[in-house]
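Below is one structure, written out as structure tokens; comments come after it.
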Amino acid sequence: MVVMVVMVVMVVMVVMVVMVVMVVMVVMVVMVVMVVMVVMVVMVVMVVMVVMVVMVVMVVMVVMVVMVVMVVMVVMVVMVVMVVMVVMVVMVVMVVMVVMVVMVVMVVMVVMVVMVVMVVMVVMVVMVVLIVMVVMVVMVLMVVMVVMVVMVVMVVMVVMVVMVVMVVMVVMVVMVVMVVMVVMVVMVVMVVF
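Here the UniProt record's numbering is used: the first residue of the sequence shown is 1, the next is one more, and so on.
Below is the structure:
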């Protein structure tokens, strides 16, 4: 009977060791899955950062195009002013056609005023569009920051879960050691008796 009891105790110990090994393997698999998830989150953050850089580059290109358009408009205004000066010289020379020239100049000035007003309106619309794009970029940045904070909280929670699992494993190992010690004491007592 002593031998049977010893064999039963040894079988129970082997089963407990196998269970501990299985728990350790499950914990390792869970840790590997968590590492893969963290890597995927980091890749998503990198992709979002690349998209943000591309958006900033596009905004800079739009600003450069607007500046080029404004320079071209300034050159056109200068050319119109030069044409007006030439028209005024022609008026001085052609005294007979003063009335007709004055009418033509007035029409040209009205057209120029209309063109300037249209250019100002276009510039204002472009500025509003640029402001809206900057606001959208800022909102995207804020969303990315919130996502990163959530990810950090999730990592902290995962670390806490891993620590709890490790504490449980330590407690289980201690319990197994205590059971082994009790079995050894029982065996010694049985041998003595």
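Each residue gets a CB set at the ideal place from its N, CA and C atoms; glycine is no exception.
From a predicted model like this one, the values you see are computed outputs, not experimental measurements.
Which residues in the same chain as MET112 place their Cβ atom closer than 7 Å to its Cβ, once the five residues preceding and following it in sequence are excluded?
VAL80
Spatial neighbours of MET13 within its chain, please: C-beta separation below 8 Å, excluding the five flanking residues on both sides.
VAL176, VAL179, VAL180 and VAL183
Kindly confirm or deny that the region 44-54 and the region 136-148 touch, where touching means at least three C-beta pairs closer than 8 Å.
Contact annotation: the region 44-54 touches the region 136-148, with at least three C-beta pairs closer than 8 Å.
Simplified DSSP state of MET175, which is helix, strand or coil
helix
Test item: CB-CB of VAL83 and VAL108 under 9 Å:
At the C-beta level, VAL83 and VAL108 come within 9 Å of one another.
Beta-carbon proximity of MET121 to VAL105, cut-off 9 Å:
no
I want to know whether the region 164-174 touches the region 16-35 - three or more CB-CB distances under 8 Å.
yes
Alpha-carbon to alpha-carbon, MET37 and VAL164:
Their Cα atoms are separated by approximately 20 Å.
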